[in-house]
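Written below as structure tokens is the structure these notes are about.
Chains as they are written, first to last, in my numbering: chain A, 1037 to 1424; chain B, 588 to 933.
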């Protein structure tokens, strides 16, 4: 029964958040003298009205699924990996560099090679923060923020100094064999930037689910996330778990960056700020509560808002600033879903006195359950946690 | 739980009904005067159309053009799309094409790749690229000899400085800002070789705080004239100057459009002059050409001091400095002086 209730909640709460966000956006538009209904229709048709728009929405969601999954893994281990953006950037650079370094490889080797290079680049970058956290207790929040800056300026220097030609501020375009965008997809979607990376992203989401729910390592990560001391007491290597969690997190983020490099942009540009996919990926993951299927849906929601949002100011006189406020309002309510959850909880057990636990429904549902085929140590672990 | 769940369902259904009901309404956006065959749209390169620089100039030019031709903002008339990040370039251009705009302007060299691809796939649509060259049949390119106006800014700075130290703050290293730096340094040296030019880059076109910090350091170092070619970063240079002017005389040289208004402070104006880039004129000319069926596709329009494609404003320069600037202007137009395009060519 309980599982059923929390499942209902985890579907309803984000939906209500979205509706509230749209309502606030509508109020903002009404106050500014614009027609919210017309604008929302434009947003909707701009996101799903044409094959081109659908292609762009999927393309926007692709890296967000990956960066979101990356953030989710670190988050279940109890780490706030703000470095997703920097890791994505390193992955982007690594994948494009690989493609440019071996221009004559056939697609069948080139694409896996470039994709793996991206994942390794991201993993290397996050691994540093993981190592420092595991062995020296350095806060991953601080190290990853600083690593973001290092990544930004270092990649810019490498692009300008090594990759770019003629003093340009972007690298040459990657060879055809490395491109994830194909003429087939372009014809299918009226020249959108849709690329095959979406398959990689969906596979990553499946992997995330399998890894967290079905493997010992995934279980250990969640256990460490809930209580590090208890996990250590239960015989887990918390150091190893921390590093593995950060490595996988960074690898996913790096894959997200590789999608930008091999799919959307097909080169790497000098960025003046951290790429959006980093912070948006964090929002995607938080909105989904770290659940893989939820990450896919929330990444698509972001894609719809972003791509559909572009359409509002193109087809009406509403300035894009207003559109950005509306999008921010939706994301705000989605982020503030604890508020909605609180009302759910109080509505449910309003007469009781246990209301203090307003925001714990989600944590309960995600409490570690040992994998079905887990080895013996897992059972011990569970005892350890319970004893705590 | 049950109650709230019902309430939630009800509210969701209500919203759905609202949306569906609205779908049934007739579309009312197609009113107003339009000239679909000649509609023009602008895609920005990151900043909004209020960036007090490049995009704003273009948009103002386009608005003027639209009004002159009796058009309205919106589909079938003229419009802009703001790119919130580089990933928005392609979708923005595609959405403009699908909305039916016939001439699409890529604002700045960052859109080169996007415009090139789009032009190949949409041979019937006119494209305009500013600050770059795309040799394709349906693309008109417009480039500006910013180095020439920057040269004159250098002359003005050299004629104005009391400390024989001036500063240059660039946005991001690259071909375009190189022209500003090269021209400015050459102009300063043409007046007085002993004047030191301090060159710094903010590595961003949108970080006013970095611009402010760099300018602060320059003013502390007794540099009394700063030329900023840094887009939105330049706003910080003006803020730093407004602080510094409380204790000593300092000047800022504006970029891309007349930035006199940005230099106002209690007791005067610290904008010495501005190098004006005629993107508004370029946009209007090309839009008119497209309307008249004479779109110069495949050709590059170069705008220099000649014909006032770029120019230096009179601003608050002394009469002596202004005379000198005029002198050099003539020499450049005549071809007696050729202005370098890269700092490495100096």
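Glycine included, C-beta positions come from ideal geometry on N, C-alpha and C.
Contact set for residue i: own chain, Cβ-Cβ below 7 angstroms, skip 5 residues either direction
i                       : result
residue 925 of chain B  : none
residue 1279 of chain A : 1163, 1166, 1167 and 1170
residue 1320 of chain A : 1100, 1104, 1331, 1334, 1335 and 1338
residue 1066 of chain A : 1072
C-alpha distance - residue i paired with residue j, whole-angstrom precision
i                       : j                       : result
residue 1132 of chain A : residue 1200 of chain A : 12 angstroms
residue 787 of chain B  : residue 896 of chain B  : 27 angstroms
residue 911 of chain B  : residue 718 of chain B  : 29 angstroms
residue 819 of chain B  : residue 629 of chain B  : 19 angstroms
residue 1235 of chain A : residue 1242 of chain A : 11 angstroms
residue 779 of chain B  : residue 907 of chain B  : 15 angstroms
residue 1105 of chain A : residue 1344 of chain A : 24 angstroms
residue 1110 of chain A : residue 1176 of chain A : 10 angstroms
residue 1094 of chain A : residue 1294 of chain A : 16 angstroms
residue 681 of chain B  : residue 1268 of chain A : 55 angstroms
residue 1308 of chain A : residue 833 of chain B  : 33 angstroms
residue 742 of chain B  : residue 1210 of chain A : 44 angstroms
residue 1196 of chain A : residue 1125 of chain A : 15 angstroms
residue 1153 of chain A : residue 747 of chain B  : 54 angstroms
residue 1350 of chain A : residue 653 of chain B  : 16 angstroms
residue 1059 of chain A : residue 1356 of chain A : 18 angstroms
residue 662 of chain B  : residue 1157 of chain A : 44 angstroms
residue 1051 of chain A : residue 1044 of chain A : 11 angstroms
residue 1406 of chain A : residue 1251 of chain A : Because residue 1406 of chain A sits at a pLDDT of 48, beneath the cut-off of 50, its placement in the model cannot be relied upon, and the point is left open.
Residues bridged to residue i [DSSP beta-bridge criterion]
i                       : result
residue 856 of chain B  : B:851
residue 787 of chain B  : B:756
residue 1244 of chain A : In the DSSP output, where bridge partners are listed per residue, residue 1244 of chain A has none listed.
residue 725 of chain B  : According to DSSP, residue 725 of chain B bridges with nothing at all.
residue 813 of chain B  : B:754 and B:839
residue 692 of chain B  : B:629 and B:715
residue 666 of chain B  : B:628
residue 861 of chain B  : B:841
residue 890 of chain B  : B:731
Residue closest to residue i, alpha-carbon to alpha-carbon, out of the options
i                       : options                           : result
residue 850 of chain B  : B:830, B:652 and B:879            : B:830
residue 889 of chain B  : B:720, B:704, B:631 and B:846     : B:720
residue 763 of chain B  : A:1203, A:1214 and A:1217         : A:1203
residue 715 of chain B  : B:755, B:692, B:766 and B:707     : B:692
residue 1302 of chain A : A:1217, A:1314, A:1196 and A:1099 : A:1217
residue 770 of chain B  : B:696, B:892 and B:921            : B:892
residue 758 of chain B  : B:807, B:862, B:815 and B:848     : B:815
residue 859 of chain B  : B:928, B:848, B:624 and B:793     : B:848
residue 920 of chain B  : B:739, B:671 and B:704            : B:739
residue 1128 of chain A : A:1068, A:1070, A:1194 and A:1067 : A:1194
residue 1374 of chain A : A:1257, A:1212, A:1322 and A:1196 : A:1322
residue 1092 of chain A : A:1226, A:1324, A:1314 and A:1377 : A:1226
residue 904 of chain B  : B:754, B:744, B:817 and B:866     : B:744
residue 733 of chain B  : B:697, B:705 and B:773            : B:773
residue 795 of chain B  : B:823, B:753 and B:833            : B:823
residue 1151 of chain A : A:1259, A:1160, A:1139 and A:1135 : A:1135
residue 932 of chain B  : B:876, B:865 and B:767            : B:767
residue 1098 of chain A : A:1315, A:1263, A:1046 and A:1231 : A:1231
residue 1306 of chain A : B:812, B:761, B:900 and B:676     : B:761
residue 874 of chain B  : B:701, B:727, B:700 and B:695     : B:727
residue 1185 of chain A : A:1212, A:1155 and A:1314         : A:1314
Chain-ordered chain A contacts of residue i [CB-CB under 8 angstroms]
i                      : result
residue 681 of chain B : 1088, 1092, 1226, 1227 and 1228
Interface residues of chain B facing residue i [CB-CB closer than 9 angstroms]
i                       : result
residue 1195 of chain A : Under the 9 angstroms cutoff, chain B gives no residues; its nearest Cβ is about 11 angstroms from residue 1195 of chain A.
residue 1306 of chain A : 759, 760, 761 and 790
residue 1312 of chain A : 671, 672 and 674
Residues that residue i contacts on chain B, provided the C-beta gap is smaller than 8 angstroms
i                       : result
residue 1343 of chain A : 678
residue 1082 of chain A : 682
residue 1356 of chain A : 635, 668, 669 and 671
Contacting residues, own chain, Cβ-Cβ under 6 angstroms from residue i (five flanking each side not counted)
i                       : result
residue 1317 of chain A : 1100, 1103, 1104, 1107 and 1120
residue 1272 of chain A : 1256
residue 1084 of chain A : 1090
residue 1049 of chain A : 1373, 1376 and 1377
Residue i: contacting residues in chain A (beta-carbon distance under 9 angstroms)
i                      : result
residue 643 of chain B : Near residue 643 of chain B there are no residues of chain A at all, since even the closest Cβ is about 13 angstroms away, more than 9 angstroms.
residue 765 of chain B : 1203
residue 686 of chain B : 1347, 1350 and 1351
Residues near residue i by beta carbon distance below 8 angstroms, same chain, minus five either side
i                       : result
residue 1240 of chain A : 1101, 1102, 1105, 1288 and 1291
residue 689 of chain B  : 623, 624, 625, 626, 627, 712, 713 and 877
Listed by chain order, chain B residues near residue i by CB distance under 7 angstroms
i                       : result
residue 1223 of chain A : By Cβ distance, chain B contributes nothing, its closest Cβ being about 10 angstroms from residue 1223 of chain A, past 7 angstroms.
residue 1347 of chain A : 682
Amino acids of chain A, ordered along the chain, whose beta-carbon sits closer than 7 angstroms to that of residue i
i                      : result
residue 708 of chain B : 1227
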